[in-house]
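Undergrad: Following this message is one structure expressed as structure tokens.
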Amino acid sequence: MSGHRAATRLAVSGAATAAALVLLARASAAPVPWHAGDVARLRLSWSARPERIEVCRTRSAEEIAKMPEHMRQRTECEGRFASYALRVTVDGQVAGEAEVRGAGLRHDRPIYLLREFPMPAGAHRVRVSFTRRETTDDDAAAFAPVAAAEADTGLYAGRADREAAEHARRARAAVPPRLGLDTTLTFAPRGVALVTFDAVARRLEVRTGPAASPGTP
């Protein structure tokens, strides 16, 4: 008897599942109404490497004397990766704000940013700022002149100069601490204006199609 009930429940469950799949297939195949209207789009899209921030301090002569000769460095740094504040205003009104970090568990991978904002047709003043959230006056760049003036001793003399050069190289490869765009864009109905990061010029720039055009700030 119990086996008969189990078979009945299985049959009912199978029928219900089949019916649900049929309904899902029909819903997927049904046409979806789409109304584009006259709404235009402001699109922000770029990828860039976050800056590595190294918080540094100068070791004392006593500390250096206690270290093995091949490890003697005047400057000690600890690193982390920057986060950024994104802010978009349209005609003086805040359209969006967000904290942006690099990908990965340590946020050390490139930033992949994609945001869209609906825009009424017509001319609009658009401001975009992308600013490093961390502020410090004890980063590696601040210590570079001191390190260069007083070369490290030991087997790795001149290491400070090389580290300063490497820091400068990483800074050039990363997104600048502050990016800004302030312009007037004229949007046609359903037009799209793209704001992106030019890694060569190291600035934000606007790319528009025939349905949107830059104006005068």
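In the numbering used here, the protein residues as written are 550 to 766. Just so you know, even glycine gets a beta-carbon here, dropped at the ideal spot from N, CA and C.
When the Cα of Y633 is compared with those of R598, E611 and E618, which residue comes out closest?
TA: Taking the sequence shown and counting its residues from 1, the one referred to as residue 633 is at position 84. Taking only the C-alpha atoms, the option nearest Y633 is R598.
Undergrad: Taking 8 Å as the limit between beta carbons, can you name the residues of its chain near D640, skipping five residues before and five after?
TA: Within the sequence shown, residue 640 is the residue found at index 91, counting from 1. Within the same chain, D640 has close Cβ partners H673 and R674.
Undergrad: Can you tell me whether L591 is buried or exposed, with buried defined as 16 or more other CB within 10 angstroms of its CB?
TA: In the sequence shown, the residue the question calls residue 591 occupies position 42. Buried.
Undergrad: Are the CB atoms of A670 and A589 nearer to each other than 8 Å?
TA: By 1-based counting over the sequence shown, the position of residue 670 is 121. By 1-based counting over the sequence shown, the position of residue 589 is 40. Yes; because the gap between Cβ atoms is below 8 Å, this pair is in contact.
Undergrad: From the DSSP output, in three-state form, read off A722 for me.
TA: Reading the sequence shown from its first residue, position 173 is the one you call residue 722. In this structure, A722 counts as helix in the three-state DSSP scheme.
Undergrad: Do you know offhand how far M616's Cα is from L663's?
TA: The count along the sequence shown starts at 1 and reaches residue 616 at position 67. The count along the sequence shown starts at 1 and reaches residue 663 at position 114. M616 and L663: Cα-Cα distance of roughly 48 Å.
Undergrad: Among R727, A610, W595 and T733, which residue has its Cα nearest to the Cα of S678?
TA: Taking the sequence shown and counting its residues from 1, the one referred to as residue 678 is at position 129. The shortest C-alpha separation from S678 is found at R727.
Undergrad: Under the three-state reduction of DSSP, which class applies to M620: helix, strand or coil?
TA: Working through the sequence shown from its first residue, we reach residue 620 at position 71. Correct three-state label for M620: helix.
Undergrad: Which partner residues does A672 have in the DSSP bridge list?
TA: In the sequence shown, the residue the question calls residue 672 occupies position 123. Its beta-bridge partners are T735.
Undergrad: Of all the options R681, P738 and A737, which has the alpha carbon lying nearest to the alpha carbon of R525?
TA: Residue 525 cannot be examined here, being either before or after the span of the chain that is shown, 550 to 766.
Undergrad: What residues in its chain sit with their C-beta under 6 Å from that of F630, if we drop five residues either side in the sequence?
TA: As a working mapping, residue 630 is identified with position 81 in the sequence shown. Same-chain partners within the cutoff: P599, R601, G651, H656 and D657.
Undergrad: Put A634 into one of helix, strand or coil per three-state DSSP.
TA: Residue 634 sits at position 85 when you count from the first residue of the sequence shown. In this structure, A634 counts as strand in the three-state DSSP scheme.
Undergrad: Quick one: give me the first and last residue of the beta strand (DSSP E) that E648 is part of.
TA: Reading the sequence shown from its first residue, position 99 is the one you call residue 648. Counting along the chain, the beta strand (DSSP E) containing E648 begins and ends at Q642 to V649.
Undergrad: Comparing C-alpha positions only, which one of T757, Q642 and L753 sits nearest to P725?
TA: Indexing the sequence shown from 1 puts residue 725 at position 176. Nearest of T757, Q642 and L753 to P725, Cα basis: L753.
Undergrad: Hey, R623 and T607 are a contact pair by Cβ (cut 8 Å); roughly how many whole angstroms apart?
TA: Translated into positions along the sequence shown, residue 623 becomes position 74. Translated into positions along the sequence shown, residue 607 becomes position 58. At roughly 6 Å, the Cβ-Cβ gap stays under 8 Å, so R623 and T607 are in contact.
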